[in-house]
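In the working numbering, the protein residues as written are 255 to 454.
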Ligand SMILES: [Zn+2]
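As structure tokens, then:
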């Protein structure tokens, strides 16, 4: 496993939600220079950490398919990989697998079964499939921008003045906002003082 630091993880985090963020935007959000962001992204791509930037399409654009779940037994599990129709492979034992197959008709299903040469133990047609969207969980934690502790759960992401901050919990997020507001107020009153000083 490649070692990832805070900057890498934050880049991954931001791109996970919007892979179209430009280098300039990422640099601004994280308060980094453009060359830094560029070289980091190149590194992440080269190391295979970021494997691709993809899009999410409306399901209406997809061709109607029938989903079938099968419990199968095979002496040659690698052969399952050869079929694009097999969209999910869950291994139970060295021979037993639960697979999900997407086919347009029975003929295509038969071709997969015969071609892959597995024994069908059970076959279940899926009447309705609803894939729940879930964010990719990132394994390596990074630090909270308020308390400095490692964020274990999903971070709270907060955008403020074109910058992005990550917090471990609601409390840190609240405290950070409060501290920010105080700084703003202070700056404001400093500005007033300067203005008044000019008047005299
Ligand atoms: Zn915290």
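The beta carbon of each residue, even a glycine, is placed where N, CA and C say it ideally should be.
Counting only beta-carbon distances shorter than 5 Å to the non-hydrogen atoms of ligand 1, the qualifying residues in chain order are 398, 400, 401, 422, 426. DSSP places residue 406 in the coil class of the three-state scheme, outside both helix and strand. Between the beta-carbon of residue 379 and that of residue 322 there is about 5 Å, and that keeps the pair under the 8 Å contact cut. Taking the CA atoms as reference points, residue 287 sits about 17 Å from residue 419.
By the criterion of a C-beta distance shorter than 7 Å, residue 294 is surrounded in its chain by 261, 262, 265, once the five residues flanking it on both sides are discounted. Here the segment 326-335 lies against the segment 344-364, with 3 or more beta-carbon pairs under 8 Å apart. Taking a C-beta distance under 8 Å as the contact criterion, residue 291 and residue 298 do not qualify as a contact pair.
For residue 379, the beta-bridge partners assigned by DSSP are 322.
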